[in-house]
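Everything on this sheet refers to the single structure shown next.
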Amino acid sequence: MVEIQTVFQASLLLVGLFGCTVESACPDPFTLIGGRCIYVNATEASWDASVIACDAHGANLVIADNHELFNQLAAHLENNYKAQKNFWTAGRKKNNSQVFEWKIFRTAKFLDEILQYKSLAEMNNWHSGEPNNNGGNEDSLEIHNHKSGNFQFNDISGATLRHSICQFDG
């Protein structure tokens, strides 16, 4: 009986800490992909509006900072969102440079205050010739399907309408 109670208490602790069950389920409408709770928003919006849309779900735009997550995310997009080609991530230019970083926002609580940066991994997932700052205003990072199943990073203006990928961290 003590062993069952201990397992139950550990399960409750995991749910409390991560917002997930022992089976690693994610809250609705999120899906477990690459060890993270992910939601693809089918409504197109600008990068800033997508930050707000993800925040409404208690989430941030996705931080695709490792190959395993990126590859599983690309497979999920290919299998479930063939009609959509472009998806916002949390990648944004640092201080008008050509350096991109992952930005974490919590709009509802901190009125667009940047809480922290996570460095954008040099994953070699850029499309050939990117980032290129075409037009001089490409400040945001999307995952773009250049060919069927060939998802890569692309820099583009944050004013462009794209689907968003939200990441829930609990």
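If you count by mature numbering (1 follows the signal peptide of the UniProt record, and there is no 0), then the sequence shown holds residues -24 to -1, 1 to 146, one letter each, in order.
Glycine included, C-beta positions come from ideal geometry on N, C-alpha and C.
Because the structure is a prediction, the values reported are computed rather than measured.
query: Compare the Cα-Cα distances from residue 57 to each of 80, 39, 121, 73 and report the closest residue.; result: 121
query: So, are the CB atoms of residue 29 and residue 40 less than 9 Å apart?; result: no
query: Within a Cβ cutoff of 7 Å, which residues of the same chain sit near residue 48, ignoring the five residues on either side of it in sequence?; result: 9, 10
query: Go ahead and pull the three-state DSSP assignment for residue 66.; result: strand
query: Measuring CA to CA, which of 114, 1, 17, 3 is closest to residue 63?; result: 17
query: Between the Cα of residue 54 and those of 123, 144, 130, spot the shortest distance and give me the residue it belongs to.; result: 123
query: Going by beta-carbon coordinates alone, are residue 117 and residue 127 separated by less than 9 Å?; result: no
query: Keeping to the same chain, check which residues put their C-beta closer than 6 Å to that of residue 52; ignore five residues upstream and five downstream.; result: 9
query: Can you tell me whether DSSP reads residue 52 as helix, strand or coil?; result: helix
query: To the nearest angstrom, report how far apart residue 34 and residue 50 are at their CA atoms.; result: 23 Å
query: Going by C-alpha distance, which of 24, 14, 69 is nearest residue 136?; result: 24
query: What does the alpha-carbon distance come out to for the pair residue 106 and residue 59?; result: 23 Å
query: By the three-class DSSP mapping on this structure, what secondary structure does residue 30 have?; result: helix
query: From residue 43 to residue 100, what does the alpha carbon distance come to, in whole angstroms?; result: 10 Å
query: If we call anything under 9 Å between Cβ atoms a contact, is residue 69 one with residue 115?; result: yes
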